[in-house]
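The structure under discussion appears below in the form of structure tokens.
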Amino acid sequence: MKTLKHEIKSLEDWQKVIKTLLPHLKYGTILALSGPLGAGKTTFVQLLAKALGAKVNPRSPTFSLVRNYSLLTTNYLLKRLVHVDAYRIEDEKDLLPLNLDEELAEPGTIMAIEWPENIKKWLTHQRTPIIHIDISLQKTRRQVQISAEAGV
Ligand SMILES: Nc1ncnc2c1ncn2[C@@H]1O[C@H](COP(=O)(O)OP(=O)(O)O)[C@@H](O)[C@H]1O
Ligand SMILES: [Mg+2]
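The following block contains the structure:
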């Protein structure tokens, strides 16, 4: 997968990013979403979950580190999307109770991670494909860069 860039001018434009990504998603794939607060990371994950047939509840004000979406997709290999928000992870030891390794190993799982910078060590130990999605935000201008590690 070569590096791809998208200019995001509206909420609808996230669909362009989703369309680009869909053919590259297979079970075990990790999406690492970088970008400042307000860039649209959570929005993107929720739109992706919807595009894959998940029921997405309106965003609750309660913060949760891990959310699971059951996918109802025509691609039977993808069964669930695990959404991790690592914003408040200060020490990677805090990851242990989340059992992310087991979560990722569940058949048919893809995982989307916000603030991957906070769990770098965990990420470098993963053997499954990682797709990096970097979102930049200047005022209301959003740019997305998608790049994958070799083999994706
Ligand atoms: N393409 C976009 N155009 C306009 N507003 C957007 C866009 N993407 C996200 N937003 C808005 O920006 C706000 C923050 O988005 P959010 O997904 O919570 O960001 P993050 O998770 O990166 O902090 C939300 O109100 C969301 O609706
Ligand atoms: Mg967020």
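Residues in the sequence shown are numbered consecutively from 17, following our numbering.
Positions of the beta carbon are idealized from the N, C-alpha and C atoms, including for glycine.
Everything numeric in this text was worked out from a predicted model, so none of it was measured.
How is the alpha helix (DSSP H) around Gln62 delimited, first residue to last?
Stepping through the sequence shown from its first residue, residue 62 is reached at position 46. Here the alpha helix (DSSP H) through Gln62 covers Lys57 to Ala67.
Residues near Trp131 in its chain [Cβ-Cβ closer than 6 Å; skip 5 each side]:
Your numbering for residue 131 matches position 115 in the sequence shown. Excluding positions up to five away in sequence, the list reads Ala102 and Tyr103.
Do Ile126 and Thr59 have their C-beta atoms closer together than 9 Å?
One-based indexing of the sequence shown puts residue 126 at position 110. One-based indexing of the sequence shown puts residue 59 at position 43. Their beta carbons are not under 9 Å apart, which means Ile126 does not touch Thr59 by this criterion.
Host beta strand (DSSP E) of Leu139 (start-end)
Along the sequence shown, read from residue 1 onward, the residue named residue 139 stands at position 123. No beta strand (DSSP E) holds Leu139; the alpha helix (DSSP H) holding it covers Lys136 to Thr140.
I need the straight-line Cα distance from Leu111 to Gly51, nearest angstrom please.
The count along the sequence shown starts at 1 and reaches residue 111 at position 95. The count along the sequence shown starts at 1 and reaches residue 51 at position 35. Going by the C-alpha atoms only, they are around 21 Å apart.
Taking Val33 as part of the alpha helix (DSSP H), name the residues at either end of that continuous run.
The residue you call residue 33 lines up with position 17 of the sequence shown. Trp30 to Leu37 is the extent of the alpha helix (DSSP H) around Val33.
If you measure between the beta carbons of Trp138 and Glu165, is that distance less than 9 Å?
Your numbering for residue 138 matches position 122 in the sequence shown. Your numbering for residue 165 matches position 149 in the sequence shown. Not in contact: Trp138 and Glu165 (Cβ atoms no closer than 9 Å).
Within this structure, are the beta carbons of Leu64 and Leu97 separated by less than 9 Å?
In the sequence shown, counting from the first residue as 1, residue 64 sits at position 48. In the sequence shown, counting from the first residue as 1, residue 97 sits at position 81. Yes. Within cutoff.
With ligand 1 as the reference, list in chain order each residue whose Cβ lies under 5 Å from any of its heavy atoms.
Ile24, Leu27, Leu53, Gly54, Ala55, Gly56, Lys57, Thr58 and Thr59
Please report the distance separating the alpha-carbon of Thr218 from that of Lys71.
Residue 218 falls outside the range modelled here, since the chain spans only 17 to 168, and no answer is possible.
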